[in-house]
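The sequence shown lines up with residues 537 to 735 when you count with the working numbering. Every residue, glycine too, gets a C-beta built ideally from N, C-alpha and C. A quick note: this is a predicted structure, and the numbers were derived from the prediction, not measured. Have a look at the structure below before the remarks.
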Amino acid sequence: MIAYLKGILVFKASTPAIIEVNGIGYEVFVSTETLSRFPAEGREVTVFTHHHIAEADQKLYGFTSQADKSFFDLLITVKGIGPKIALGIMSGASAEQISEAIYNQDIPRISSFPGIGKKSAERIVLELKDKIGSVADGAVSSAGGSATSLHREAVSALESLGYRRAEAEKTVTALLRSDGARFSDVSDVIRTALKSLHK
Numbered sequence: 537m538i539a540y541l542k543g544i545l546v547f548k549a550s551t552p553a554i555i556e557v558n559g560i561g562y563e564v565f566v567s568t569e570t571l572s573r574f575p576a577e578g579r580e581v582t583v584f585t586h587h588h589i590a591e592a593d594q595k596l597y598g599f600t601s602q603a604d605k606s607f608f609d610l611l612i613t614v615k616g617i618g619p620k621i622a623l624g625i626m627s628g629a630s631a632e633q634i635s636e637a638i639y640n641q642d643i644p645r646i647s648s649f650p651g652i653g654k655k656s657a658e659r660i661v662l663e664l665k666d667k668i669g670s671v672a673d674g675a676v677s678s679a680g681g682s683a684t685s686l687h688r689e690a691v692s693a694l695e696s697l698g699y700r701r702a703e704a705e706k707t708v709t710a711l712l713r714s715d716g717a718r719f720s721d722v723s724d725v726i727r728t729a730l731k732s733l734h735k
């Protein structure tokens, strides 16, 4: 399975985007939200991937954060929600906004996403509202929403690099509590956390 790609962004005008890794171009299906976060073509990019294998073909779905990828993985556990529909949902809003809608059981809002009718929206709420409670709590906190997002993404990234979750949680929490205002980007948090972990 392909967990992530790090290479040159060759094409991003629409989905699938094309990322070149060691001379090989990979087609990666991404949401419009993800496309908007990509750097300019010709720049290096890292995407966390869901490698979907079906009888007829294989597809890569890409995300700029491990948190978004994890949310996508959660969406496709819902009966009737495949990767294409899940990506359409995530093109309509951020993961935190979708989580908030599920947590608040906002059926009209969820029904407005591409490919989702009232019955599908009700099923999403029924199957996921208990699973995303903690995510939604962070999303609706006006004071700590951005810090919660940085914390979650940084911890997930450190876990993917082989660090134990408890160790990653402790390090990232300490950094954000001591000087959280100076971190505007998750990469800054990860870089500083790695320095702290290597001391």
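Assign residue i to buried or exposed, taking buried as 16 or more other Cβ atoms, counted over all protein chains shown, within 10 Å of its Cβ.
| i | result |
| --- | --- |
| Ser-656 | buried |
| Ile-660 | buried |
| Gln-594 | exposed |
| Lys-605 | buried |
| Glu-632 | buried |
| Ser-670 | Per-residue confidence for Ser-670 stands at a pLDDT of 47, beneath the threshold of 50, marking its modelled position as unreliable; the derived number appears in the next sentence. Burial call: exposed. |
| Ser-677 | Reliability of the predicted coordinates at Ser-677 is poor, the pLDDT of 39 falling under 50, and the value obtained from them is presented with this limitation in mind. Counting Cβ neighbours within 10 Å, Ser-677 comes out exposed, since fewer than 16 surround it. |
| Thr-600 | buried |
| Ser-572 | exposed |
| Thr-707 | buried |
| Glu-591 | exposed |
| Thr-570 | buried |
| Ala-693 | buried |
| Arg-713 | exposed |
| Val-691 | buried |
| Lys-548 | buried |
So who's on the other strand from residue i, going by DSSP bridges?
| i | result |
| --- | --- |
| Ile-544 | Glu-556 and Glu-580 |
| Lys-595 | His-588 |
| Val-564 | Ala-553 and Leu-596 |
Per DSSP, what kind of secondary structure is residue i in: helix, strand or coil?
| i | result |
| --- | --- |
| Tyr-699 | coil |
| Gly-743 | Only positions 537 to 735 of the chain appear in the structure, and residue 743 is not among them; the question remains open. |
| Phe-608 | helix |
| Val-614 | coil |
| Gln-602 | helix |
| His-734 | coil |
| Met-537 | coil |
| Ile-668 | coil |
| Ser-635 | helix |
| Ile-652 | coil |
| Pro-575 | coil |
| Asp-724 | helix |
| Ile-643 | helix |
I'd like to know if the segment 574-593 and the segment 634-645 are in contact, where contact means that at least 3 CB-CB pairs between them fall below 8 angstroms.
no
Three or more C-beta pairs closer than 8 angstroms, one from the segment 626-639 and one from the segment 582-590: is that the case here?
no
Quick one: any contact between the segment 609-617 and the segment 546-565, if contact means 3 or more CB pairs under 8 angstroms?
no
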